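See below for the structure under consideration.
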Amino acid sequence: MPQPVAAQNILISGFAEDRSSGERVPGVHIVAEMQGAGTTSNKYGFYSIKLPSRAEWLAITHVAYHAQRIRLTGATDTTLHISLQPHVFALEEVTVTGESAPSEVQMSVHRLPIEQVDALPVLLGETDILKTMQLLPGVQGGREGFSGLYVRGGRSDQNLILLDGLQIYNPTHLLGLFGVFNASAIKQVELIKGGFPARFGGRLSSVAEFTMKDGNLKKFSGEGQLGILTSKLLFEGPIIRDKSSFMVSGRRTFLDLFTRWFQNNGRIYSGSFHDLTLKANYIIGNRDRLYISGYMGNDNFTLKERIAKNPSLNGDLDASLDWVNQLVSVRWNRLLGDHVFANTIVGVSNYQVTSRILSRAGDGFGAEAEERVQGSSVRDITTRMELEYAHGRQHYVRVGAEHIAHTLTPVTRRTRITSTDQPGLNTSEDESIRFLSHQLSVYLEDTIQWPSSVHANIGVRISSAVSDGQLKPAVEPRLSMDIRVRPNLSAKASYAQMTQYLHVLRNAGSSVPTDTWIPAMRGIKPQGSSQIAVGLVKSISNIGVGVSIEGYYKRMRNQIEYKAHNYSYDASTLGWPQIVESGSGRSYGAELLLERQRGRTSGWISYSLSRTNRIFQNLSGGSSFPDAFDRRHDAAIVLRYRITQHTSVGIAWVYRSGYPVSAPAGRFLDRQRILDRDFLDFEQVNAARAPAHHRLDISARFTKQIDWGARTFSVGLYNAYNRKNPMLVYPTSASDGHIQWKQISILQLVPAISYTLSF
Amino acid sequence: MRWLGSIVVFLSIGCESIVGLDFPGGYESKLVVNSEFSPDSIWTVYLHKSVPYARTVEWEDHYVTEAKVTISNEDGVSEKLIHRGAGVFESALGLKPLQNVGYILRVDAAPLQSVTASSQAPELTAVFHSIRANQQADAAASYTFTFSLADQLGPDRYSIVAAQLYPACRSKDGYVRYGQSQTGSTDYTGTHFESSFPALRHEITDVEDGSSPSFMNDDFGSYAYLSDEHFEGETVEIVLTLRADHFADLRPYFRVVVTNWSQELWDYYVSVFRHDPFYEDIFSERRTTVYSNIDNGLGVFGGATNVSLRIDAQGETWTDAELLVGAEYLATCEDEG
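Residue numbers (numbering that gives the first Met the number 0), protein chains in the order written: chain A, 0 to 758; chain B, 0 to 336.
Structural data, given as structure tokens:
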């Protein structure tokens with residue numbers, strides 16, 4: 000009697016690469032046509048899949064590349080590098096044959112094709128990936144015009160923003176008006192809002208991963224752009240053809256050149272930013288590749304004021320605010336035994352903000368000068384090792400460890416007073432508070448595919464931080480599940496616990512560069528969150544539309560704020576634990592997304608209904624109150640229509656409920672003791688709502704192929720129907736004595752124009 | 000960071016507009032009760048109603064004059080207060096609160112919501128021990144003033160306020176000398192004091208704030224606050240060094256008032272103090288709302304017990320009446336007598 004023969008498996012692995020540039024391509028779907036099993040290339044372009052030996056055809060798809068089928072010729076383990084042919088025009092209509100993309104376990108994730116980001120309307124002609132992210136469901140953008148990210152009720156410090164694997168602490172330029180990421184230099188953007196895989200940790204609310212272009216291995220190419228706000232240049236090309244390449248991109252604003260023309264009451268304002276992005280890589284052999292990434296961004300604002308009341312009495316004031324983001328990383332990809340992918344990163348990132356005020360006064364007999372310099376900084380040294388491999392046909396395992404040495408200097412302060420006629424007055428004060436904190440994490444993650452179309456990603460991250468002589472360990476379980484109910488319908492669910500060992504203290508309601516980072520320490524617990532999410536994803540493949548609906552519930556613990564009467568300068572005498580108080584937060588909501596990433600008409604429609612509350616013992620009487628970034632309704636329509644192969648138009652319409660305002664509702668007196676002023680009846684913190692925000696942005700792009708490349712002319716209008724959206728609302732007294740509310744609006748009907756040459 | 004704000008304003012020049020803020024549910028006026036009571040004075044309750052923030056207001060128009068105001072003690076004995084005008088209600092019988100007795104206030108003033116509150120004037124025992132002159136200078140003499148404070152069981156919060164009599168007299172020519180009040184009558188002025196008693200704090204908000212350091216032997220101005228956290232149920236001796244002014248040949252007359260505050264009144268004043276620094280920054284999320292123990296209303300119904308230690312530089316006790324404090328009649332100045 001014949002014995003049943005166990006099904007034999009073969010392992011297929013390799014890299015997906017762009018045929019024209021040699022760039023490794025993340026997010027490529029590789030599916031065995033008959034068996035339905037599939038995988039997706041990781042952010043380094045690596046994939047690995049175990050299939051039954053009888054598998055014959057692989058279907059390869061990616062939104063930016065031609066779909067293709069590859070026939071498997073042998074029944075043994077194979078290394079198969081996939082060469083992808085890019086579309087001539089981005090996001091053109093494609094016909095996908097064979098199986099659809101593999102069902103993805105991960106939920107609450109958005110991948111933004113850079114081509115689509117580029118095609119959308121932009122403020123002042125400056126493509127801003129962070130602003131595009133704000134148009135996604137579950138992502139708030141803070142106040143009018145700013146590039147903050149507030150994901151599912153989280154604050155801006157709760158986003159893990161990674162550029163080639165290293166954390167960026169302040170992802171904005173120009174006091175938050177623009178993101179730091181130069182879209183020309185970015186290859187892939189991914190935003191995760193929930194169901195976080197165990198390989199990510201250290202933040203509560205989101206992971207935003209930005210991957211830089213590697214640099215063209217085949218030929219030299221470049222791009223130059225002239226816009227209203229900035230101009231930028233990008234060059235890339237082989238150092239050694241097919242062996243080593245580089246990419247360098249620089250961007251600089253012109254704001255400082257024309258804002259100097261503006262003067263107001265003897266005050267001269269100026270501001271500028273620039274950034275530089277660098278990357279190089281070297282293919283050491285079949286198994287090894289080395290990358291070096293670098294980023295340096297610098298912002299500078301100045302105010303100069305001259306006071307010359309008369310010849311014998313004069314003075315001046317010089318003030319400046321600078322902030323710097325710098326990072327450099329070395330990454331080593333290695334294939335172990337053909338099928339185990341290893342990635343090692345060592346890097347340093349640095350964020351520093353400094354404000355300086357120098358005032359001088361003289362009266363003909365002498366002069367006095369006072370200089371006050373204040374700053375804060377964060378410096379991380381990160382070491383991370385990751386391994387991933389396919390284990391059997393049902394398991395894809397990731398394991399890794401990470402160590403981050405944080406050097407946090409929340410306060411540095413220096414004051415110098417000098418006097419020429421009173422030498423005894425000369426004084427100098429220096430103050431600095433510094434923390435060293437070590438954060439160590441290990442994780443294990445397994446993506447499991449059961450035969451019954453059930454996928455799961457199960458993982459655990461064990462993290463700990465040593466700070467202030469204390470060890471604070473945490474176990475963070477993670478689970479994501481996908482059940483393919485029908486071929487084009489999936490049900491998803493996820494649970495994630497997150498721990499964040501750093502806190503941010505801010506003196507203002509919104510995120511500004513002067514935010515102060517401190518570690519969890521004795522008396523200040525690490526932040527924690529638990530999030531559960533469920534959803535449905537449906538693909539309507541005949542029109543290329545995906546629909547997803549998700550609901551989530553998130554609790555946030557150990558959120559801190561300054562006590563009502565304390566500021567950072569109290570820390571040196573009182574200690575941080577004594578000047579902050581701890582509370583909790585809760586966010587829940589539903590998100591809807593209709594998305595089409597390819598075709599003549601592409602884009603998405605999103606809607607979020609959410610509520611975010613916070614509870615602090617000494618705020619709002621200890622009862623729950625709306626978070627400063629709570630927006631009940633948030634909707635966006637983002638469309639790009641390709642009229643011809645050379646011409647496209649884009650629109651983005653946004654609606655958001657008004658932001659909460661902690662305005663008083665009533666007034667009363669103390670008639671027995673304190674008659675000379677009114678007390679304010681707030682009833683509840685953030686009880687009032689500013690007017691709703693909505694606007695329409697439009698743009699058009701005209702591209703022409705020329706002998707040596709292409710030129711693109713873009714025009715657009717931000718806030719095309721001139722809506723006065725509130726950036727700030729404040730009370731004033733009307734002529735009859737009653738109090739009325741006024742709003743300050745910026746960014747009305749702002750034109751955009753840019754000219755790009757690429758070769 | 001003021002210049003940073005200037006940049007924002009600069010960016011937004013010409014973009015101001017009048018808008019309406021949405022207060023979901025609007026604002027409903029509340030009954031506001033102000034009644035701080037002590038065994039020294041008869042029952043008095045001040046009433047008015049709160050108004051929407053944006054409205055122009057003449058407060059006299061919002062005094063609540065028609066109300067049923069009832070005070071009852073823990074034995075159920077109650078008195079209905081009578082209206083004395085301008086929304087002030089008093090005990091018709093001239094009754095005063097007693098120490099260590101719980102009282103309940105109820106006010107019905109339709110159409111406003113009825114309110115209730117409870118509090119008591121806590122027990123207090125403070126006894127003068129001694130006074131000693133430290134130096135015989137004429138301008139800034141100092142005196143060591145010692146008294147004992149017998150703390151009761153349970154959390155207590157105290158204040159100490161030192162003052163000196165500011166004497167007034169009429170010269171032969173008819174001029175008022177020294178007097179500081181509008182009438183020129185004898186009155187009090189605050190007296191600076193120092194103390195090394197470790198529980199003393201400068202501000203009421205510092206007492207229960209663990210971040211507040213102890214200022215050893217510091218100058219407290221004329222008032223200090225403390226809690227019994229470190230001498231619960233004990234009798235302690237507190238030594239103050241009073242900085243006295245001298246007025247010609249007049250010897251200093253001191254008054255040291257020790258007050259034991261009810262929890263309600265203490266919390267109210269802590270919140271009032273914290274409310275103030277943010278008065279202009281009305282959008283701060285971190286602002287402190289004014290504490291109230293009035294159910295369904297605003298304000299405070301809170302008791303306090305005072306002990307006034309009136310001692311002159313020789314350690315003799317005196318009374319306001321003896322020295323004509325507040326009297327319109329002025330004695331002839333002694334040095335001219």
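We treat Cβ as the ideally placed atom computed from N, Cα and C, and that holds for glycine.
Keep in mind that this is a model prediction, so the values were computed, not measured.
Here residue 103(B) is not near residue 113(B), since their CB atoms are 7 Å or more apart. By alpha-carbon distance to residue 206(B), the top candidate from 188(B), 94(B), 154(B), 133(B) is 154(B). At a cut-off of 7 Å between beta-carbon atoms, residue 738(A) makes contact with chain B.
Around residue 297(B), the beta-carbon contacts reaching into chain A at under 7 Å are 667, 680.
In the DSSP assignment, residue 45(B) falls within the beta strand (DSSP E) that extends over 43 to 48.
When the five nearest sequence neighbours on each side are left out, the beta carbons in the same chain lying within less than 7 Å of the beta carbon of residue 753(A) are those of 124, 224, 225, 226, 713, in order along the chain.
For residue 335(A) and residue 384(A), the gap between their C-alpha atoms comes out near 13 Å. Between residue 257(B) and residue 289(B), the CB-CB gap reaches or exceeds 7 Å. Under DSSP, residue 710(A) shares a beta bridge with 703(A), 756(A).
For residue 575(A), the enclosing alpha helix (DSSP H) begins and ends at 575 to 578. Contact check for residue 302(B) against residue 270(B) fails: the beta carbons are separated by 7 Å or more.
If you look at residue 477(A), you'll find it in the beta strand (DSSP E) that goes 469 to 485. The segment 665 to 672 of chain A and the segment 186 to 202 of chain A do not touch, with fewer than three beta-carbon pairs separated by less than 8 Å.
Taking 7 Å as the cut-off, the Cβ atoms of residue 628(A) and residue 684(A) do not count as close. Taking 7 Å as the CB threshold, residue 744(A) lines the interface with chain B.
Its Cα nearest to that of residue 160(A), the residue 326(A) stands out among 326(A), 103(A), 466(A), 716(A).
Sequence-distant Cβ neighbours of residue 272(B) in its own chain, meaning closer than 8 Å and more than five residues away, are 202, 203, 204. A check of alpha carbon separations from residue 263(B) across 29(B), 143(B), 26(B), 33(B) identifies 33(B) as the nearest. Note on residue 233(A): 16 or more other CB atoms within 10 angstroms of its CB, so buried under the neighbour-count rule. Secondary structure at residue 606(A): strand, using DSSP grouped into helix, strand and coil.
If you check the CB distance, residue 128(A) and residue 62(A) do not come in under 7 Å. Distance from the Cα of residue 74(A) is smallest, within the candidate group 536(A), 55(A), 267(A), for 55(A).
With fewer than three CB-CB distances shorter than 8 Å, the segment 467 to 479 of chain A does not count as touching the segment 171 to 183 of chain A. Among the CB atoms of chain A, one or more fall inside 7 Å of the CB of residue 21(B).
About 6 Å separates the beta carbon of residue 140(B) from that of residue 132(B), a gap short enough to meet the 8 Å contact definition. The C-alpha of residue 313(B) is placed about 27 Å away from the C-alpha of residue 259(B). For residue 28(A), the enclosing beta strand (DSSP E) stretches over residues 28 to 31. Taking all protein chains in view, the Cβ of residue 68(A) is surrounded by fewer than 16 other Cβ atoms within 10 Å, so the residue is classified as exposed. Put simply, the CB of residue 663(A) is near chain B, with a gap under 7 Å to one of its CB atoms. Residue state for residue 80(A) is assigned as coil, using DSSP reduced to three classes.
Counting the other Cβ atoms within 10 Å of the Cβ of residue 298(B) gives 16 or more, which makes it buried. With fewer than 16 other CB atoms across the displayed protein chains lying within 10 angstroms of its CB, residue 79(B) is exposed. Around the beta carbon of residue 539(A), fewer than 16 other beta carbons lie within 10 angstroms, which makes this residue exposed. Residues of the segment 69 to 82 of chain B that bring their beta carbon within less than 7 Å of a beta carbon in chain A are absent altogether. Straight through space, the alpha carbons of residue 543(A) and residue 32(A) are spaced by roughly 19 Å. By the criterion of a C-beta distance shorter than 7 Å, residue 250(A) is surrounded in its chain by 181, 229, 231, 273, 274, once the five residues flanking it on both sides are discounted.
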